[in-house]
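Residue numbers (my numbering): 1 to 268.
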Ligand code: 8IG
C-alpha cells in the first residue's frame with residue numbers, strides 16, 4: 001500500500017483498472033475465497049478473464065503458499081458479473097489493515113453490491129467435523145485493529161446480512177450458524193484461548209474476515225460470511241488431528257461447498 005494515497009482512492013484506481021482490463025461497465029458481486037474454497041469455486045460461471053492480483057493498483061502477492069493471489073471475473077448463470085479473489089492479504093502479514101481490506105473496497109468501487117467472504121477456520125463444537133461449512137451470524141474482532149479512520153461510527157448490528165443468510169439456508173437448510181472470532185495469528189490459539197473464545201460466545205476461530213466485513217459495511221456492501229471448519233480448535237478434540245486428515249476432509253467437502261456457492265449465485 002502506498003503511504004500517501006487514501007485507501008478509498010487507491011481502491012477506486014484498482015476498480016477502474018479492473019473494469020477496463022475486463023471490458024466491464026461494473027461488477028455486481030465479489031467472492032473472497034479462503035482456505036479450502038478455491039476448488040469449490042471452479043466452474044461457477046462463464047470465465048470473463050483473470051489476472052494476478054498484484055497487477056492491479058494496491059495489491060501485493062499473498063505471502064502464504066496456497067493462498068492464491070489471483071482475480072477471476074466470471075459471468076454467473078443469471079448474468080451477473082462476479083469478481084473472485086482467490087487468496088487474501090491477512091492482518092498477520094503486517095502490511096496494515098488497509099491492505100487487508102483493499103479487495104473489498106475495490107469490489108465496492110467497481111459497483112459490487114454484495115460480497116461473500118469465505119474462510120477456513122477452527123471449530124469450537126466437537127460435532128462440527130472437519131469439512132463442515134458454517135454461516136457466520138456475527139463476529140468478535142479480537143485483532144484490536146479496524147479499517148475505519150476517524151469518527152466513522154459504522155453500525156454492525158446486522159453486519160452479516162439476514163437476507164443473504166436466508167438465501168444460503170434456502171440452498172442448504174442444514175447449514176449451522178455461528179459467531180466467528182478473529183484472532184490476529186499467525187500462531188493458532190492455545191487451548192485456554194479457545195476456551196476464552198467459547199466463554200465470549202464464539203463458535204469459530206480464525207485469522208480473517210472481520211476486518212473485511214467492517215470495511216464492506218462501511219462501503220455499503222451486503223455481507224455473507226461462510227466458514228469451512230477445517231479443524232477443531234486447540235484442545236477441543238482429545239486427539240490432535242493429522243494434517244492429512246484435515247486436507248482429506250477439506251477435499252471431501254468440495255462438492256458440498258460448490259453446491260452451496262452455485263446455489264447462492266443463482267439467488268444473489
Ligand atoms: I484452517 O484453529 C484454520 N485457521 N485462529 N484457529 C485459527 N485460525 C485457523 C484455524 C484455527 N484453523
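Cβ coordinates follow ideal geometry from the N, Cα and C atoms, glycine included.
Item to check | residue 86 beta carbon near the ligand 8IG (any heavy atom closer than 8 Å) | outcome: Here the question's residue 86 lines up with position 86 in the chain shown. Result no, Cβ not under 8 Å from the ligand 8IG.
Checklist entry - How about residue 183: is its Cβ closer than 8 Å to a heavy atom in the ligand 8IG? => result Counted from its first residue, the chain shown places residue 183 at position 183. It does: the Cβ of residue 183 is within 8 Å (strictly closer) of some heavy atom of the ligand 8IG.
Next on the checklist: With H, G and I counted as helix, E and B as strand and the rest as coil, what does DSSP make of residue 2?
Outcome noted: By one-based count along the chain shown, residue 2 stands at place 2. Caution applies to residue 2, whose pLDDT of 48 falls short of 50 and renders its modelled position unreliable; the value that the coordinates give is listed next. Coil.
Item to check | Same chain, Cβ closer than 8 Å to residue 2, neighbours up to 5 away in sequence not counted | outcome: Here the question's residue 2 lines up with position 2 in the chain shown. Unreliable placement is indicated for residue 2, whose pLDDT of 48 sits below 50; no coordinate value is reported for it.
Next on the checklist: Quick check: does the Cβ of residue 231 come within less than 8 Å of any heavy atom belonging to the ligand 8IG?
Outcome noted: Taking the first residue of the chain shown as 1, we reach residue 231 at position 231. Yes; taking the cut-off as 8 Å, the Cβ of residue 231 has a heavy atom of the ligand 8IG nearer than that.
Checklist entry - By Cβ distance, which residues of its chain are closer than 6 Å to residue 167, with the 5 residues on each side in sequence left out? => result On the chain shown, position 167 is the one that residue 167 refers to. Hits under 6 Å: 267.
Checklist entry - What do you reckon, is the C-beta of residue 120 under 8 Å from a heavy atom of the ligand 8IG? => result Working through the chain shown from its first residue, we reach residue 120 at position 120. Yes, the ligand 8IG has a heavy atom inside 8 Å of this Cβ.
Checklist entry - How would you call residue 26, buried or exposed, if buried means at least 16 neighbouring beta carbons within 10 angstroms? => result In the chain shown, the residue the question calls residue 26 occupies position 26. When all chains shown are included, residue 26 counts as exposed.
Item to check | Test: residue 218 CB closer than 9 Å to a CB of chain B | outcome: Of the protein chains in this structure there is only one, and it is not chain B.
Checklist entry - Is residue 150 near the ligand 8IG, with its Cβ less than 8 Å from a heavy atom? => result The residue you call residue 150 lines up with position 150 of the chain shown. For the ligand 8IG, not one heavy atom lies less than 8 Å from the Cβ of residue 150.
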